[in-house]
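These notes are about the structure you will find just below.
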Amino acid sequence: AQSRPIGLAPELKHPFHLRARGHDPVAPFLADLKASGFPHDRMWVQCFEPGPLRELDAATDLRLVQLIGDPRVSPPDGGPTYGEMLTKSGLAQIAAYADAVGVHKMHLVPVVDGAYGSPKSVVDDAHAAGLQVHVYTFRDEAGERPSGEPSAASELRRFYALGVDAVFADFPDTAAAVRNGE
């Protein structure tokens, strides 16, 4: 066992749906967080809905991640589509309440005919807006990446080369080894 601090990345799930049924997930989350005493500087709170993130931004010093879903749809609590959120103006709006965007890897590099195509400008645009970019989800199994991508390590190297700030991986040892150049 290593004695190093760990971080957490909790996700507020379906706040709009819960609130429509009379339950507010933000208040109990904050109460539990306060009771836990977990350091805020080792936590990134994620949500697909901007509303709860704006509330957390106004009430806390937590680091916040606007998760990005299907580019054709809007978050359940309204507003622009996720695709519009990834434009330069959309990213600037996100930067007003969040510290990062959490994107699926296909938001950054589309798959064309079973292989990764040319990268989009999302990483550079997000960084220019003052946002980090967190990418999900990397897996070691061959069926979890485009058929043209030979290994999990090569896929991770591709995304680290884009300048992403963090990755979500089901095999964190692989992601850390690639990040560390091993």
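For what it's worth, the numbering used here labels the leading residue of the sequence shown as 925, then goes sequentially. Glycine is no exception: its CB is placed at the ideal position from the N, C-alpha and C atoms. Values in this document were obtained by computation on a predicted structure and should not be read as measured data.
Give the DSSP bridge partners of residue i, in chain order.
i: P1062; result: In the sequence on display, residue 1062 carries Phe and not Pro. The partner list for F1062 (beta bridge, DSSP) reads A1093.
i: M967; result: L932
Between residue i and residue j, how many whole angstroms is the CB-CB distance? I'm expecting something under 8 Å.
i: V1059; j: F1092; result: 7 Å
i: H964; j: L936; result: Actually they are not in contact, since the Cβ atoms of H964 and L936 sit about 15 Å apart, beyond 8 Å.
i: L942; j: P949; result: 5 Å
May I have the straight-line CA-CA distance separating residue i from residue j, to the nearest angstrom?
i: R899; j: H938; result: What the structure shows of the chain is the stretch from 925 to 1106, and residue 899 is not part of that stretch, so it cannot be assessed.
i: A982; j: K1029; result: 29 Å
i: A1090; j: H947; result: 32 Å
i: G961; j: P1043; result: 40 Å
i: F940; j: E1106; result: 43 Å
i: A1022; j: Q970; result: 9 Å
Whose CA, out of the options, lies closest to the CA of residue i?
i: V1027; options: S1013, P995 and L991; result: L991
i: A1019; options: S960, F1062, D1097 and Q1056; result: Q1056
i: V1102; options: G1087, P1070 and S1078; result: S1078
i: T984; options: P934, Q970, V1088 and L954; result: L954
i: A1076; options: K1012, Y1084 and F1062; result: F1062
i: A1053; options: P1004, G1087, G1014 and A1066; result: G1014
i: I930; options: G1072, A959 and R966; result: R966
i: V1047; options: P1070, H1031, T1098 and V1036; result: H1031
For a test of the three-state rule: what should DSSP assign to residue i, helix, strand or coil?
i: L988; result: strand
i: G1002; result: coil
i: G1026; result: strand
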